[in-house]
Each structure stands twice: as structure tokens, then as C-alpha cells.
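Engineer:
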Amino acid sequence: MSSSSSTASAAVAAASSHELPDCSYLSPPTLIKPLIPTPSHTLYLSNLDDQPFLRFTIKYLYLFSNPSSSALPNPEALRASLSKVLVDYYPLAGRLRRSPEDERKLEVDCNGEGAVFVEGAMEIRAEEFLGVYRKKPNRSWRKLLYRVDARTFSDVPPLVVQVTKLQCGGMILCTAVNHCMCDGIGTSQFLHAWAHLTANQNSSPPSPSPFHSRHVLRPRDPPQITSRIPLFTKPATRDNTYNLTLHLQSQPLVPVSVVITPSLIARLKHRCSPPLKCTAFEATAAHTWRSWARSLGLPPALNSKLLFSVNVRRKLSPPLPEGFYGNGFVLACAECTVVDLVGGSENLHHGVLLVQQAKSAVTDDHVRSVVDYLETDRAARPDLSASLVISEWSRLGLENVDFGGGRASHMGSVASDVYCLFLPVAGEAESVTVMVSVPENAAEKFEYYMSGGSLGDEREKENRANYGSHGAEVRGLLTCEYAANEITSLSTTTN
């Protein structure tokens with residue numbers, strides 16, 4: 001058999017199993033340094049930046065399938081514009097290290113060493129990815145992002161980029177950004193600036209310019225914990241025999257992906273009785289939390305938490321400077337017993353109200369208390385024993401990034417994980433994709449509670465017995481798209 005026939009056969013086999021074919025690297029990885037010398041100094045990271053919970057990389061995937069391949073930037077243009085944008089975003093070209101004053105703290109050595117850039121090629125077409133592979137993301141997607149050989153998390157460069165050419169002339173652009181450097185808002189700001197300089201080679205970086213100093217988030221001296229912080233406290237429960245973490249770790253997880261359109265969001269809002277004015281996020285978050293708890297069959301007496309990020313840039317007094325480039329968020333925490341969350345009816349009022357109250361609790365004093373708490377306990381991590389964590393990507397403008405050949409046909413995560421992602425939908429600005437990973441034996445239930453599919457009388461009886469007489473009457477709310485994935489927690493990966 002010829003080599004071309006072997007390659008074609010391998011591609012067909014990969015498509016049938018939803019496993020991406022191997023990526024061939026066209027050249028060794030290179031380090032892209034800032035175009036001109038940048039400040040050489042040590043950058044202080046706030047307690048919000050380097051907390052243990054955020055010591056992982058955020059992995060973005062963009063598929064550009066413009067039929068006119070000449071409109072897409074070539075790798076040389078991307079390298080040149082990356083070098084230019086790193087002048088303003090120079091900490092991303094530095095290296096993380098432990099502070100000599102406190103080995104539990106991280107800091108950035110702004111040494112201009114450079115971001116990792118890799119060029120590859122894969123024997124697939126854009127339409128294949130969109131029509132076949134996208135339906136079932138899995139571990140093979142990591143072939144699209146170069147894995148740096150590093151001993152520890154801090155040894156991985158803060159920014160890693162891989163550009164993969166496709167057979168059709170399209171490309172897949174993947175980036176890994178160290179979460180200790182910035183949050184989703186900061187990552188979106190960087191990607192838009194890079195794209196702007198790629199599409200407009202002779203232009204200046206767009207506003208706002210990044211404000212790198214994090215001293216505005218230094219802890220108080222002495223630390224003052226003057227606000228309740230349920231994020232770090234384990235919930236009280238009348239069922240001490242149940243351990244959700246062990247339950248999830250003991251079995252394979254698969255992600256279930258749900259596309260929520262504006263009309264479906266409106267239906268969710270109408271399920272609040274008495275009427276409660278709420279945002280699309282609040283309604284979707286409450287519904288997802290309830291569906292997740294029900295699908296896992298959590299004990300009614302268990303206290304469950306919903307954790308979600310809240311932007312604090314304008315909640316602080318004074319507000320953080322424009323262009324603040326760091327982690328400008330804290331996790332809000334809604335909590336209640338499972339029976340109070342899901343039992344009795346399909347009314348979303350209670351869940352939505354809990355989400356709103358959690359958001360309102362994030363004040364200047366609360367943020368300062370979180371910073372101070374992390375100063376007194378550097379090992380502190382959010383309690384995840386019975387928690388769902390939502391990471392909101394759908395309102396950051398990530399899907400609008402344009403390197404000159406048009407917006408991406410697909411924007412999402414390289415690898416799914418144990419967190420719940422709210423992802424943008426390309427071409428549908430008001431829609432959101434909810435992706436959450438659950439045990440295989442709970443995937444069908446989660447789809448049912450989110451979409452209203454029929455599971456039969458036995459499931460209805462089981463839910464009513466656990467949570468109330470009206471607990472399983474969900475009908476025709478959402479449309480679902482399945483995905484299968486082998487899950488690895490982001491907090492345990494180095495790249």
C-alpha cells in the first residue's frame with residue numbers, strides 16, 4: 001500500500017473513532033521575543049493571581065475555515081505580530097518562578113525570554129472538524145497544542161502557541177495562557193490586540209493598554225477578614241457518608257454539551273414564580289446547577305455549592321485601573337441543600353435568587369477579605385466537595401477575534417475538564433453552549449433534566465421519591481449536542 005493510501009486510511013479510521021490524526025511538526029518550536037527591549041524587572045503577583053486553584057493554563061482553540069486561504073495570516077505574519085504585541089504584553093514573554101522571600105508565592109521574571117511558537121500540519125479539513133470531530137472532543141485534541149517538556153508548572157512558559165495547517169487551507173490556532181498571569185478578560189484583551197496587529201500590520205496596538213502592576217490588590221497590613229467567605233469553608237451536611245469527589249474520581253466522565261438559544265433562555269426566565277427579573281447567566285446557571293445535582297443523585301440533605309466568577313474591576317473602591325492586567329475576579333458562592341435546590345417543582349425562583357445573592361455579596365470588603373484570607377493561608381483552595389464550578393467564556397468577546405480572514409468558525413476549549421464551561425457559539429452572539437462533565441451513568445439523566453427527553457416512569461418515580469412530587473416534570477426546553485471526552489483536571493496539568 002502506498003504512503004498516501006496509508007495516510008488516507010488512517011484519516012478515515014480516525015474520523016470514525018472521533019480521534020484526531022497525528023500532527024506533524026514542520027519545524028522545531030521557536031521562542032518569540034518582544035520586538036524591542038522591554039522592562040526587565042520582577043512582577044509581583046497578587047494573592048488572586050497565584051492562589052493554588054489557578055495554577056493551570058487556559059487552553060483556547062480557534063478554527064479558521066475561510067475558503068479563501070490567502071485571506072488567512074501565514075505563520076510568518078503571526079510570528080511577526082506576536083513579537084510586536086509582546087512589547088506591551090511583555091510579562092507573557094517572561095518566566096514564572098518562586099519568590100525568594102516566600103517559596104509559596106509566585107512572581108514573574110520579566111526577562112523577555114519569549115513565548116513558545118510551534119507550526120504543525122494535520123491531515124483533516126475544516127469541514128471534517130466541524131461536522132465530525134467537534135461532536136466528540138477528546139484527549140486527541142491535545143495534539144493541537146504543543147506540550148512543553150517541563151518538570152513543574154512554573155517551568156512552562158506563560159504563553160504557548162501552536163498554528164496547525166489543515167488540508168483545505170484553513171488553520172487551527174491554539175493558545176495556552178498561564179492563568180496566574182491573567183483572567184479571561186485579560187486573555188481576550190491580548191488575543192484581540194494580537195489579531196489587530198496581524199490584520200493591520202502598520203497599526204499601533206488597540207486600547208486599552210495593559211496595566212501590569214498588581215499592587216492595588218496587595219493584602220492589608222495586618223490582614224483583616226471582615227466578610228464571610230463560604231468559598232473556602234466546607235458545607236455542613238447531615239449526610240457525612242457521601243463524598244462527591246471520590247464518587248467522581250472513581251469512574252469515567254463524559255461531557256454533555258447543551259446549546260441554549262435566546263428563546264430557550266426566555267423560557268427559563270418564565271419558570272421563576274413569583275416573577276423575578278434576572279439575567280441570561282443567572283437563569284442558565286441556576287438551571288444547570290439544578291440539573292447537575294439531580295443527574296448525580298446527590299443526597300437531599302447534602303449542602304451543595306455553585307461557584308462562579310465575578311469581575312471585580314468596578315466593584316472595588318477605587319475601581320481597578322483601566323486595562324488592569326491580572327486576575328480581576330473572585331469566585332462567588334451560592335449554596336443550599338439539594339432538596340431545597342431541586343425538590344418540589346420546576347420553579348427556578350429559588351436557584352436564581354441564590355445566584356443573585358451570591359453576586360451581590362461580592363463587594364469591595366469581600367474582595368479585600370478574600371485577598372487577606374489567602375495571605376494568612378496560602379494553601380487555601382475552594383471547597384469542591386459538593387460544588388459545581390462555572391467558568392464563563394461566552395461574554396468575553398473571544399468569538400470575535402479576527403486575524404484578518406474573518407472570525408473563527410469554531411471557538412472553544414482544547415480539552416474539557418471537571419468544570420462547567422459556558423462557551424460562545426460562533427455566529428450566534430446571544431446563544432451559549434453549556435458543557436459539563438458527568439459520570440457516564442449520569443449523562444443521560446443530565447440531558448433529560450436539561451432537555452426534557454423522556455426517560456420513562458421509573459425515573460419519574462425515583463426523582464419524585466428523592467426530591468418531591470413535581471421533581472422530574474421537565475419538557476422541551478433545550479436542544480443538546482453530545483460530546484465524549486476523557487477528562488483530566490486542569491489543576492493537575494502543566495500545559
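Under UniProt numbering, residues 1 to 495 are what the sequence shown spells out, in order.
Glycine is no exception: its CB is placed at the ideal position from the N, C-alpha and C atoms.
#1: What's the gap between the Cα of Gly169 and the Cα of Tyr325?
#2: How would you write the range of the beta strand (DSSP E) that residue 512 sits in, first residue to last?
#3: Just tell me which of Tyr419, Arg95 and Leu144 has its CA closest to the CA of Leu307.
#4: With H, G and I counted as helix, E and B as strand and the rest as coil, what does DSSP make of Asp377?
#5: Have a look at Glu19 and Val161 and give me their C-alpha separation to the nearest angstrom.
#6: Going along the chain, which unbroken runs of the alpha helix (DSSP H) with 4 or more residues stay wholly within the stretch 163-235?
#7: For Asp183, which residues from the same chain have a beta carbon less than 7 Å from its beta carbon, with the 5 sequence-adjacent residues on both sides left out?
#8: Can you tell me which of Ala293, Lys315, Lys305 and Asp372 puts its alpha carbon nearest to the alpha carbon of Gly343?
#9: Please confirm whether Met411 and Tyr60 have their CB atoms less than 9 Å apart.
#10: Compare the C-alpha of Phe232 against each of Ser65, Leu384 and Asn303 and name the closest.
#11: For Asn178 and Ser263, I'd like the C-alpha separation in whole angstroms.
#12: From Asp102 to Met122, what does the alpha carbon distance come to, in whole angstroms?
#13: Just curious, the alpha helix (DSSP H) that Val401 is in, first and last residue?
#14: Does DSSP classify Ile265 as helix, strand or coil?
#15: For Val436 versus Val256, is the C-beta spacing smaller than 9 Å?
#16: Following a CB-centred definition, is Pro75 positioned closer than 8 Å to any heavy atom of the ligand MG?
#17: With respect to the alpha helix (DSSP H) encompassing Ala77, which residues constitute its N-terminal and C-terminal limits?
#18: Please look up how many angstroms separate the CB atoms of Val87 and Leu31, rounded, as I've assumed it's under 8 Å.
#19: Quick check for students: name the residue ranges of the alpha helix (DSSP H) that lie wholly in the stretch 263-348, counting only runs of 4 or more.
#20: I want to see whether chain D comes within less than 9 Å of Leu398, judged by CB atoms only; does it?
#21: Pick helix, strand or coil for Thr57, following the three-state DSSP scheme.
#22: Thinking C-alpha only, which one of Ile229, Ser291 and Pro299 is nearest Tyr242?
#23: Find out if the Cβ-Cβ distance for the pair Val371, Ser46 is shorter than 9 Å.
#24: Need the endpoints of the alpha helix (DSSP H) that Ser65 sits in, please.
#25: Among Phe403, Tyr448, Gly406 and Arg381, which residue has its Cα nearest to the Cα of Asp49?
#26: Give the secondary structure of Asp109 by DSSP, where H, G and I count as helix, E and B as strand, and everything else as coil.
#27: Is His350 buried or exposed, if buried means 16 or more other CB atoms sit within 10 Å of its CB?
#28: Relative to the alpha-carbon of Ile185, which residue among Ile265, Gln249 and Ile58 has its alpha-carbon at the smallest distance?
Structural biologist: So, from the data block:
#1: Numbered from its first residue, the sequence shown carries residue 169 at position 169. Numbered from its first residue, the sequence shown carries residue 325 at position 325. If you take the alpha carbons of Gly169 and Tyr325, they lie about 35 Å apart.
#2: For residue 512 there is no data in the structure shown, the boundaries of the chain being 1 and 495.
#3: Position 307 of the sequence shown, counted from the first residue, corresponds to residue 307. Leu307 has its Cα closest to that of Tyr419, out of Tyr419, Arg95 and Leu144.
#4: Along the sequence shown, read from residue 1 onward, the residue named residue 377 stands at position 377. Coil, per DSSP.
#5: Reading the sequence shown from its first residue, position 19 is the one you call residue 19. Reading the sequence shown from its first residue, position 161 is the one you call residue 161. Their Cα atoms are separated by approximately 22 Å.
#6: 184-199
#7: Taking the first residue of the sequence shown as position 1, residue 183 is located at position 183. Closer than 7 Å at the Cβ level, and outside the excluded window around Asp183, lie Asn327, Gly328 and Phe329.
#8: Within the sequence shown, numbered from 1, the residue matching residue 343 stands at position 343. For Gly343, the nearest C-alpha among the options comes from Ala293.
#9: Within the sequence shown, residue 411 is the residue found at index 411, counting from 1. Within the sequence shown, residue 60 is the residue found at index 60, counting from 1. Yes, Cβ-Cβ distance for Met411 and Tyr60 is below 9 Å.
#10: Counted from its first residue, the sequence shown places residue 232 at position 232. Nearest of Ser65, Leu384 and Asn303 to Phe232, Cα basis: Leu384.
#11: The residue you call residue 178 lines up with position 178 of the sequence shown. The residue you call residue 263 lines up with position 263 of the sequence shown. Going by the C-alpha atoms only, they are around 36 Å apart.
#12: Taking the sequence shown and counting its residues from 1, one reaches residue 102 at position 102. Taking the sequence shown and counting its residues from 1, one reaches residue 122 at position 122. Distance between the alpha carbons of Asp102 and Met122: 44 Å.
#13: Walking along the sequence shown from the start, residue 401 turns up at place 401. Careful: Val401 lies outside any alpha helix (DSSP H) and carries neither H nor E.
#14: Taking the first residue of the sequence shown as position 1, residue 265 is located at position 265. It is helical.
#15: In the sequence shown, the residue the question calls residue 436 occupies position 436. In the sequence shown, the residue the question calls residue 256 occupies position 256. Yes, these two residues count as a Cβ contact at 9 Å.
#16: The ligand MG is not part of the structure shown, which contains no ligands of any sort.
#17: Walking along the sequence shown from the start, residue 77 turns up at place 77. Its alpha helix (DSSP H) spans residues Pro75 to Val85.
#18: Start at 1 with the first residue of the sequence shown, and residue 87 comes out as number 87. Start at 1 with the first residue of the sequence shown, and residue 31 comes out as number 31. Contact doesn't hold; Cβ gap of about 15 Å is too wide.
#19: 280-296 and 338-342
#20: Absence of chain D from the displayed structure is noted, only one protein chain being present.
#21: Taking the first residue of the sequence shown as 1, we reach residue 57 at position 57. Residue state, collapsed to three classes: strand.
#22: Reading the sequence shown from its first residue, position 242 is the one you call residue 242. Checking every option, the nearest Cα to that of Tyr242 belongs to Pro299.
#23: Along the sequence shown, read from residue 1 onward, the residue named residue 371 stands at position 371. Along the sequence shown, read from residue 1 onward, the residue named residue 46 stands at position 46. It is a contact, given that the beta carbons lie within the stated cut-off.
#24: In the sequence shown, counting from the first residue as 1, residue 65 sits at position 65. Per DSSP, Ser65 belongs to no alpha helix (DSSP H) and is neither H nor E.
#25: Indexing the sequence shown from 1 puts residue 49 at position 49. Out of Phe403, Tyr448, Gly406 and Arg381, Arg381 has the C-alpha closest to the C-alpha of Asp49.
#26: On the sequence shown, residue 109 is found 109 positions in, with the first residue counted as 1. In the structure shown, Asp109 sits in a strand (DSSP, three-state: E or B).
#27: Locating residue 350 in the sequence shown gives position 350, where the first residue counts as 1. His350 is buried by the Cβ-count criterion.
#28: Here residue 185 refers to the residue found at position 185 of the sequence shown. It is Ile58.
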